[in-house]
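Position one of the sequence shown corresponds to residue 11 (my numbering), numbered consecutively onward.
Below is one structure, written out as structure tokens; the observations come after it.
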Amino acid sequence: MNDMSVNSTSEHLRDAKRAPREAAGLAPISRIEIVPLDPVVEPSLPMIMAHDPSDPRHEAMCALRTELLLRREFADRAEIIVLLSPCRGEGRSLLAAHLAIAVARTGCPTLLVDADFRHPRQHELFGTHRDQGLSEAIAAGERPRLRTVYGHPRLSLLTAGELAGDPLFCLSSLCFKLMVDDWRENFGFVVIDTAPVAQFSEGLVIADLVGRVLVLSRAQHTPYRQMQDMLRRLTVTRSQIQGAVLSHF
Ligand SMILES: Nc1ncnc2c1ncn2[C@@H]1O[C@H](COP(=O)(O)OP(=O)(O)OP(=O)(O)O)[C@@H](O)[C@H]1O
Ligand SMILES: [Mg+2]
């Protein structure tokens with residue numbers, strides 16, 4: 011598929027496209043549609059989209075990056091964005107990885123955080139270990155160990171870690187809040203990957219903490235009601251939706 015627009019009459023797709031716009035009272039939303047991305051990311055095989063300007067996927071990701079950077083709240087502090095979607099398998103993790111790479115390629119010091127303790131995936135995408143990540147740092151009350159990413163000198167990765175525990179409790183902790191404050195001072199852009207909001211509440215807690223949200227829905231997959239419910243639940247957080255992405259894959 012190489013078309014950025016969609017004409018399908020599928021109800022799911024119509025629902026997925028409609029949902030983010032219908033959240034009354036939210037800030038204006040820009041919707042960006044993403045065509046299929048490369049499913050596998052390896053350090054030795056960097057993602058095409060983020061590297062090949064002639065690839066149409068490059069345009070979509072650049073547009074998303076530009077929109078988000080233009081909407082930055084402060085020039086001298088990191089823009090911290092949490093990526094939310096209602097259901098499993100909607101492409102949050104892959105989009106978070108692509109977006110982080112795209113921003114890092116502008117020279118902006120960027121951090122990608124895997125805060126999905128339910129199904130952590132960033133370590134797999136970047137071909138590294140999951141341990142000694144966010145959960146361990148929160149448990150120890152220490153600064154987390156950030157990994158460098160081969161081929162992307164401005165990108166740091168914080169894996170989810172391996173400690174079992176209550177994810178909601180961890181991500182609601184003062185320690186996590188202090189980490190976020192630290193990232194705000196020391197990075198230009200931070201992308202946080204989370205668990206699906208319809209099943210777990212961590213995404214809303216993080217949205218409330220960082221204040222900036224990117225909403226993702228997947229064409230012919232995300233049910234309208236789930237998206238509507240997520241947007242309704244978001245209104246009680248202190249967060250703003252910075253954009254909405256519709257993924258086709
Ligand atoms: N834009 C895309 N193009 C092609 N394949 C994709 C895209 N986004 C996701 N995928 C594929 O779909 C699957 C799920 O993607 P991903 O893990 O990013 O979703 P998720 O929303 O984070 O899932 P989970 O709820 O399990 O955390 C993976 O196999 C991934 O490679
Ligand atoms: Mg995921």
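For every residue, glycine included, the Cβ atom is placed at its ideal position computed from N, Cα and C.
Taking 7 Å as the cut-off, one finds at least one heavy atom of ligand 2 near enough to the beta carbon of D126. Residue burial is scored here from C-beta neighbours: V159 has at least 16 other C-beta atoms within 10 angstroms and is therefore classed as buried.
Across the structure, E172 and S145 are spaced so that their CA atoms are roughly 7 Å apart.
Sixteen is the threshold: when 16 or more other Cβ atoms of the shown chains lie within 10 Å of the Cβ of D124, as they do, the residue is buried.
With a cut-off of 7 Å, the C-beta of H129 is classified as near ligand 2, since at least one heavy atom of the ligand falls inside that distance. Judged by beta-carbon spacing, V223 lies within the 8 Å limit of V92, meaning their Cβ atoms are closer than that value. Residue burial annotation: E195 is exposed, with fewer than 16 other C-beta atoms found within 10 angstroms of its C-beta. Put simply, the backbone Cα of M240 is about 10 Å away from that of P206. Exposed is the label assigned to E152, since fewer than 16 other Cβ atoms lie within 10 Å of its Cβ. Rounded to the nearest whole angstrom, the CA to CA distance from G117 to R164 is 6 Å. In this structure, L184 sits away from L168, with a CB-CB distance that is not shorter than 8 Å. Following the DSSP letters along the chain, one finds H258 in no beta strand (DSSP E), marked with neither H nor E. In this structure, I90 sits near I202, with a CB-CB distance shorter than 8 Å. Our two residues, L109 and R243, have alpha carbons roughly 25 Å apart in a direct line.
Proximity to S249 across E83, L219, R235 peaks at L219, based on C-alpha coordinates.
For V207, no alpha helix (DSSP H) segment is defined, and its DSSP state is neither H nor E. Residues of the same chain with a CB within less than 6 Å of the CB of T247, apart from the 5 flanking positions on each side, are L214, A217, D218 in chain order.
Taking all protein chains in view, the Cβ of G99 is surrounded by fewer than 16 other Cβ atoms within 10 Å, so the residue is classified as exposed. In the structure shown, the three-state DSSP call for A254 is strand.
The alpha helix (DSSP H) runs lying completely inside the region 106 to 180 and spanning 4 residues or more are 132 to 135, 144 to 150, given in chain order. For S103, the CB falls within less than 7 Å of some heavy atom of ligand 2. Not one heavy atom of ligand 1 is found less than 7 Å from the C-beta of F199.
Distance from the CA atom of A107 to the CA atom of A150, rounded to whole angstroms, is 26 Å. Relative to ligand 1, the nearest heavy atom lies less than 7 Å away from the CB of R98. A Cβ-Cβ separation of about 6 Å places A88 in contact with F199 under the 8 Å criterion.
Close CB contacts of K187 within its chain, under the 8 Å cut and outside five residues either way in sequence, are with L219 (chain order). T76 and H133 have their C-alpha atoms roughly 26 Å apart.
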